[in-house]
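K.L.:
Here it is, the structure in full.
Chains as they are written, first to last, in the numbering used here: chain A, 1 to 405; chain B, 406 to 469.
Printed below as a string of structure tokens:
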């Protein structure tokens, strides 16, 4: 990772990987909303960051001026060798209309609430097993002992990859997630090779032995009477890995962080389990994990800002969710908040396709954890050891928890 | 009173059928659909209003 100068003024030189932003972005966003609702940076070749709910909504719904060709900010531009819109590298997240509509309709049934319901029991049992594994420990790491495993197992199960490959699959997932921030394209391709081979083997196994899972679903799917191209299938499988794992892992771990540091909320949730659906929405609002990005399609003026073709647009759903114009007491976590029009899963045509799955995983993971451990706090003297992920997915990573009686 | 979903605005956020499963269901794509003719009985008025107020896409309306 290159050394970058620290940010002194986020309004004119923002960087979402700056240590101050990673540690605690909320005061930065509050100040920007007051002073400069669309911040600018020359870093990454130029980009913009709207910090209000209204402007984030406007960008999310404007697919004419903003392309999803690349949704993760990197050093430099995707360049001419990048897969073109409208299909992109990982359809449908990287697709623009009109192809987006086709690719999205194709995968939505695989993530519908009906399908999600069928794997809830698997998730609950898996969480129970993870908790069994750490039952002798005085300190349980809510991130590395628990949250990080859950979505990996869920995605492996949904894709229909062998359970015995759990460790290998987790290793691959880490390479894919780290690859998002790897600026050296050749290294990224080299790191990726074993994953490509593994997935191709799994796909071949599904061709030989079709079964009821997401991989066979993609193999059977058709667009206008034709099977999907292999690169479409591969891209969508990679999308499921990238989009469905550290996001949900972050959501679960940040929720546990909140409960460890807010004993009254933990006690209420233990005593009033019927609050869980409201609590999950508030966890999603207050600790929204996911920030997306867009590229400006052509020069145009947005809210008085002269945007240039290929400028980045950092689409901060977490910032929108803290906007006091959109939420009463936006800076307070209210576990039974009834009106909560949060945009943690995005807005418009790119609404997170896995939102029903993510919600279920968060609910079940938190339910099982607090059922097993109704009282826990941050490990004594360890408050400073809590770490947060850097980049466009924010969540607690190292989260040592002391289980109390 | 009736609840109505604007199908063009709905993107399947899933809040309505989470809040008021008595009034809303989901289709194969996970988009919200109104159950029956959408009539809201008195005991469901509050849930109907919450579903309207929580939809991030502003896709739900209430006809008095």
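Even for Gly, the Cβ is constructed at its ideal location relative to N, Cα and C.
Going along chain A in order, which residues have a C-beta closer than 8 Å to the C-beta of residue 429(B)?
P.N.:
Residue numbering aside, residue 429(B) sits at position 24 when the second chain is read from its first letter. Near residue 429(B) there are no residues of chain A at all, since even the closest Cβ is about 11 Å away, more than 8 Å.
K.L.:
Determine the burial state of residue 197(A): buried for a count of at least 16 other Cβ atoms within 10 Å of its Cβ, exposed for fewer.
P.N.:
The sequence position of residue 197(A) within the first chain is 197, counting from 1. Exposed is the call here.
K.L.:
With a cut-off of 8 Å on the beta carbons, I'd call residue 361(A) and residue 150(A) a contact; round off their distance for me.
P.N.:
Here residue 361(A) is taken as the residue at index 361 of the first chain, counted from 1. Here residue 150(A) is taken as the residue at index 150 of the first chain, counted from 1. With a Cβ gap of about 6 Å, residue 361(A) and residue 150(A) count as contacting.
K.L.:
Tell me which residue opens and which closes the alpha helix (DSSP H) that residue 35(A) is part of.
P.N.:
Within the first chain, numbered from 1, the residue matching residue 35(A) stands at position 35. Residue 35(A) -> alpha helix (DSSP H) spans 26-35.
K.L.:
Name the DSSP beta bridge partners of residue 437(B), please?
P.N.:
The count along the second chain starts at 1 and reaches residue 437(B) at position 32. Paired residue(s): 431(B).
K.L.:
According to a CB-to-CB cut-off of less than 8 Å, which residues of the segment 332-347 of chain A neighbour chain B?
P.N.:
Within the segment 332-347 of chain A, the qualifying residues are 338, 339, 340, 341, 342, 343, 345 and 347.
K.L.:
What first and last residue would you give for the alpha helix (DSSP H) that runs through residue 259(A)?
P.N.:
In the first chain, the residue the question calls residue 259(A) occupies position 259. First-last of the alpha helix (DSSP H) with residue 259(A): 246-261.
K.L.:
Please list, in chain order, all residues of the same chain as residue 202(A) whose beta carbon is under 6 Å from its beta carbon, the five residues on each side excluded.
P.N.:
By 1-based counting over the first chain, the position of residue 202(A) is 202. Correct list, in chain order: 161.
K.L.:
Short of 7 Å Cβ to Cβ, which residues in the segment 86-107 of chain A face chain B?
P.N.:
The residues in question are 105.
K.L.:
I'd like to confirm the pairing. Which residues does DSSP put opposite residue 388(A) in its beta bridges?
P.N.:
Counted from its first residue, the first chain places residue 388(A) at position 388. In the DSSP output, where bridge partners are listed per residue, residue 388(A) has 396(A).
K.L.:
At what residues does the beta strand (DSSP E) containing residue 313(A) begin and finish?
P.N.:
Position 313 of the first chain, counting from 1, holds the residue named residue 313(A). Taken as a continuous stretch (DSSP letters only), the beta strand (DSSP E) holding residue 313(A) covers 312-315.
K.L.:
When you compare the segment 456-468 of chain B with the segment 408-422 of chain B, are there three or more beta-carbon pairs, one atom per stretch, that lie closer than 8 Å?
P.N.:
The answer is yes - the segment 408-422 of chain B touches the segment 456-468 of chain B, with three or more Cβ pairs under 8 Å.
K.L.:
Would residue 39(A) and residue 11(A) be called neighbours here (beta carbons separated by less than 8 Å)?
P.N.:
Residue mapping note: residue 39(A) aligns to position 39 of the first chain, counting from 1. Residue mapping note: residue 11(A) aligns to position 11 of the first chain, counting from 1. Going by C-beta atoms, residue 39(A) is nearer than 8 Å to residue 11(A).
K.L.:
Would the segment 336-349 of chain A count as touching the segment 219-231 of chain A if we require 3 or more Cβ pairs under 8 Å?
P.N.:
At 8 Å Cβ cutoff, the stretches do not touch.
K.L.:
What residue does the alpha helix (DSSP H) around residue 127(A) start on, and which one ends it?
P.N.:
Your numbering for residue 127(A) matches position 127 in the first chain. 120-133 is the span of the alpha helix (DSSP H), which, as asked, contains residue 127(A).
K.L.:
Please confirm whether residue 411(B) has its beta-carbon closer than 8 Å to some beta-carbon of chain A.
P.N.:
Here residue 411(B) refers to the residue found at position 6 of the second chain. With 8 Å as the cut-off, residue 411(B) does not count as an interface residue toward chain A.
K.L.:
Could you tell me whether any Cβ in chain B is nearer than 8 Å to the Cβ of residue 349(A)?
P.N.:
Stepping through the first chain from its first residue, residue 349(A) is reached at position 349. Interface residue, yes.
K.L.:
Output the distance between the C-alpha atoms of residue 460(B) and residue 155(A), rounded to the nearest integer angstrom.
P.N.:
In the second chain, residue 460(B) corresponds to position 55, counting from 1. In the first chain, residue 155(A) corresponds to position 155, counting from 1. Computed Cα separation, rounded: 27 Å.
K.L.:
Quick one: what does DSSP say residue 401(A) is sitting in, helix, strand or coil?
P.N.:
As a working note, residue 401(A) is residue 401 in the first chain. Three-state result, residue 401(A): strand.
K.L.:
CA-CA distance, residue 89(A) and residue 404(A)?
P.N.:
For this step, residue 89(A) is matched to residue 89 along the first chain. For this step, residue 404(A) is matched to residue 404 along the first chain. When rounded, the distance between both Cα atoms is 47 Å.
K.L.:
Quick one: which chain A residues come within Cβ less than 8 Å of residue 426(B)?
P.N.:
Residue mapping note: residue 426(B) aligns to position 21 of the second chain, counting from 1. By Cβ distance, chain A contributes nothing, its closest Cβ being about 10 Å from residue 426(B), past 8 Å.
K.L.:
I need the straight-line Cα distance from residue 426(A) to residue 101(A), nearest angstrom please.
P.N.:
This structure leaves residue 426(A) out entirely; chain A is present only between 1 and 405.
K.L.:
If you draw a straight line from the alpha carbon of residue 24(A) to that of residue 384(A), how long is it in whole angstroms?
P.N.:
Residue 24(A) sits at position 24 when you count from the first residue of the first chain. Residue 384(A) sits at position 384 when you count from the first residue of the first chain. Distance between the alpha carbons of residue 24(A) and residue 384(A): 13 Å.
K.L.:
Are residue 407(A) and residue 347(A) touching if we call contact CB-CB under 8 Å?
P.N.:
Limits of chain A in this structure are 1 at one end and 405 at the other, which puts residue 407(A) out of reach.
K.L.:
With respect to the alpha helix (DSSP H) encompassing residue 8(A), which residues constitute its N-terminal and C-terminal limits?
P.N.:
Taking the first residue of the first chain as 1, we reach residue 8(A) at position 8. Residue 8(A) -> no alpha helix (DSSP H), and no H or E assigned at all.
K.L.:
Would you mind working out which of 45(A), 30(A), 5(A) and 280(A) sits nearest residue 329(A), comparing C-alpha positions?
P.N.:
Residue 329(A) sits at position 329 when you count from the first residue of the first chain. That would be 30(A), whose Cα lies nearest to the Cα of residue 329(A).
K.L.:
Provide the residue(s) that pair with residue 40(A) in DSSP beta bridges, ordered along the chain.
P.N.:
On the first chain, position 40 is the one that residue 40(A) refers to. 48(A), per the DSSP bridge assignment.
K.L.:
Starting from the beta carbon of residue 407(A), find every residue of chain B whose beta carbon is closer than 7 Å, and list them in chain order.
P.N.:
Since the displayed chain A opens at 1 and closes at 405, residue 407(A) lies outside it and no answer follows.
K.L.:
Just confirm the distance between the C-beta atoms of residue 218(A) and residue 228(A), as a whole number of angstroms; I'd bet it's less than 8 Å.
P.N.:
For the purposes of this step, residue 218(A) is taken as the residue at position 218 of the first chain. For the purposes of this step, residue 228(A) is taken as the residue at position 228 of the first chain. About 6 Å; that satisfies the 8 Å criterion.
K.L.:
Taking 7 Å as the limit between beta carbons, can you name the residues of its chain near residue 176(A), skipping five residues before and five after?
P.N.:
On the first chain, position 176 is the one that residue 176(A) refers to. Correct list, in chain order: 195, 238, 241 and 242.
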